[in-house]
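Each remark here refers to the structure printed beneath this line.
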């Protein structure tokens with residue numbers, strides 16, 4: 013997408029994102045205060061204006077706190093995007109500050125183990141190191157595991173899949189008590205956007221099959237089997253063109269935003285709206301909705317809209 017086209021699209025996104033953020037309004041401030049004082053829980057949190065770690069810490073309170081999802085002695089899997097041998101400043105991977113904060117909060121909630129992995133596209137050792145995520149995981153007390161060895165994957169049946177009838181899934185997806193999906197929002201040359209459902213692709217072995225057999229249907233099919241406990245979409249710095257790896261810093265826009273929900277379809281819908289797109293613009297969202305995997309009508313959700 014050309015720069016001038018993106019700027020024009022961003023103006024539209026400002027209107028489209030009205031279902032996600034009501035920019036600077038008093039209603040947001042009231043909503044924020046209510047979530048703290050009344051301890052109301054929401055279907056989704058849309059937060060903007062802070063650093064990734066502080067946004068997560070504030071937003072998770074509106075969903076009942078991290079202890080609502082992580083119990084003592086549980087095994088937790090956190091799946092960020094670590095697919096690319098790219099430094100954090102270029103935003104091809106999930107922000108390491110966010111990964112650190114989630115691990116730390118899980119550990120503080122009493123998690124026995126917190127594992128992190130991705131089936132990377134670039135060489136996994138370089139991707140883990142240069143993304144900054146390996147260091148973040150270790151500093152927070154988590155355990156980083158590589159995802160590029162086939163013996164770590166087990167074949168499963170995708171009972172409700174239309175194109176994807178079976179797949180090999182990483183053992184941590186099958187063995188963990190809690191699965192927190194932490195994608196970064198960005199442009200994608202094949203899938204249109206990388207978000208929650210697309211990020212699950214890093215938990216399976218044969219990504220090539222998906223690309224050869226109707227990628228969007230396979231993404232939706234896999235979501236009938238692989239269901240995260242929580243989805244945290246990193247939209248702090250967003251790659252609006254040349255994704256999924258990016259070319260230069262001109263591909264990025266600083267949005268300082270985050271979407272959190274247990275509903276992966278709703279989370280992807282809200283994230284797409286940040287870039288002025290609808291579910292119809294991203295086929296796997298539309299397909300997943302038709303398969304009753306989640307909601308695309310955000311007006312039917314209780315959303316806590318927070319501006320820091």
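In my numbering, the protein residues as written are 13 to 320. Glycine is no exception: its CB is placed at the ideal position from the N, C-alpha and C atoms. No experiment lies behind these values; they were computed from the predicted model shown.
Of all C-beta pairs linking the region 65 to 82 to the region 96 to 113, three or more are shorter than 8 Å, placing the two stretches in contact. Taking each of 177, 297 and 290 in turn and checking the Cα distance to residue 32, the smallest one comes out for 290. Listed as beta-bridge partners of residue 170 by DSSP are no residues whatsoever. Beta-bridge partners assigned by DSSP to residue 265: 250.
For residue 212, no alpha helix (DSSP H) encloses it, and the DSSP letter there is neither H nor E. In this chain, the beta strand (DSSP E) harbouring residue 89 covers 87 to 92. Counting along the chain, residue 131 sits inside no alpha helix (DSSP H), nor does DSSP assign it H or E at all. The C-beta distance from residue 246 to residue 195 rounds to 7 Å, short enough to meet the 8 Å contact threshold.
Residue 155 sits exposed, since fewer than 16 C-beta atoms from the chains shown fall within 10 Å of its C-beta. When C-beta atoms of the region 164 to 175 are compared with those of the region 212 to 229, three or more pairs fall below 8 Å, so the two segments count as touching. Here residue 243 carries a strand assignment [DSSP, helix/strand/coil]. In this structure, residue 305 lies near residue 277, with their beta-carbon atoms less than 7 Å apart.
The beta carbon of residue 282 sits closer than 7 Å to those of 32, 56, 58, 271 and 310, all from its chain and outside the five residues before and after it, given in chain order. Here DSSP, grouped into helix, strand and coil, assigns residue 124 to coil. The beta carbon of residue 89 is closer than 6 Å to those of 127, 184, 188 and 191 in its chain, skipping five residues each way along the sequence.
Residue 233 places its beta carbon 7 Å or farther from that of residue 145.
DSSP, reduced to helix, strand and coil, places residue 294 outside both helices and strands of the structure shown, so it counts as coil.
Residue 74 sits in a helix when the DSSP states are folded into three classes. Excluding five sequence positions before and after residue 158, the CB atoms of its chain that fall closer than 7 Å to its own CB belong to 129 and 136, given in chain order. Between residue 280 and residue 208, the C-beta spacing is below 7 Å. Look at residue 270 here: in three-state DSSP terms it is strand. Residue 124 and residue 152 do not touch by the CB rule: their CB atoms are close to 15 Å apart, not below 8 Å.
DSSP places residue 80 in the helix class (H, G or I) of the three-state scheme. Take residue 219, set aside five residues on each side of it, and the residues of its chain with a beta-carbon closer than 6 Å to its own are 213, in chain order. Contact check for residue 93 against residue 211 passes: the beta carbons are separated by less than 7 Å.
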